[in-house]
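Take any residue in the sequence shown, count from 1 to its spot, add 21: that is its number in the working numbering. In this text, a Cβ means the ideal position worked out from N, Cα and C, and glycines have one as well. Written below as structure tokens is the structure these notes are about.
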Amino acid sequence: MPARTVRNLGLAFRFLGWRLSNIFRDEPSWAEFFSAVALGAYTLSMPLGGKGPEEWESLNLLTDILPGWWWVAFVGGGATVQMLGLILNVRFIRACAAFGALNLVALIGVMVWPLFPYSPLLVGFVTAVGLPNFFVIARHARDW
22 MPARTVRNLG
32 LAFRFLGWRL
42 SNIFRDEPSW
52 AEFFSAVALG
62 AYTLSMPLGG
72 KGPEEWESLN
82 LLTDILPGWW
92 WVAFVGGGAT
102 VQMLGLILNV
112 RFIRACAAFG
122 ALNLVALIGV
132 MVWPLFPYSP
142 LLVGFVTAVG
152 LPNFFVIARH
162 ARDW
């Protein structure tokens, strides 16, 4: 690998580290970051189809009932956009991604909740993704 490429990669990683350290100075950024991580984890769990060590009915519903590859692309794209909005610190992207995550939680609630209303996994997922994004949207609305 040429020295110039190594230098450029070092500068890129240094900028990314500096940017991430600046991101976490305000508290709503933590909520957005963990929401993006939760959406990314949910995206990665979908190809598994809920066939992990915990064979819960609710996990099968969360992964199997929602159709096809477009759902994986939609949720993974949302997690990516939320992370990019954080890294680039563009408030409009951050607010749109938080609103999209809130809509995703509402859609999952409408599709899955009537079939399995007492799912601890579903309640945990809705709380972990929905509540932080609700606070993020409230903060952006207040600041605008």
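- Only exposed fits residue 111, as fewer than 16 other CB atoms lie within 10 angstroms of its CB.
- For the set 128, 59 and 99, the Cα lying nearest the Cα of residue 114 is the one of 99.
- DSSP places residue 128 in the uninterrupted alpha helix (DSSP H) bounded by 112 to 133.
- Under the DSSP assignment, residue 142 falls in the alpha helix (DSSP H) whose first and last residues are 141 to 164.
- Of 63, 155 and 105, the smallest CA-CA separation from residue 94 is found for 63.
- The shortest C-alpha to C-alpha distance from residue 165 to any of 116, 149, 123 and 124 is the one to 116.
- Separation of the CB atoms of residue 147 and residue 119 is rounded to 15 Å, and the pair is thereby denied contact status at 8 Å.
- Counting C-beta atoms within 10 angstroms of its own C-beta, residue 145 has fewer than 16 neighbours from the protein chains shown and is therefore classed as exposed.
- Rounded to the nearest angstrom, the gap between the Cα atoms of residue 66 and residue 126 is 16 Å.
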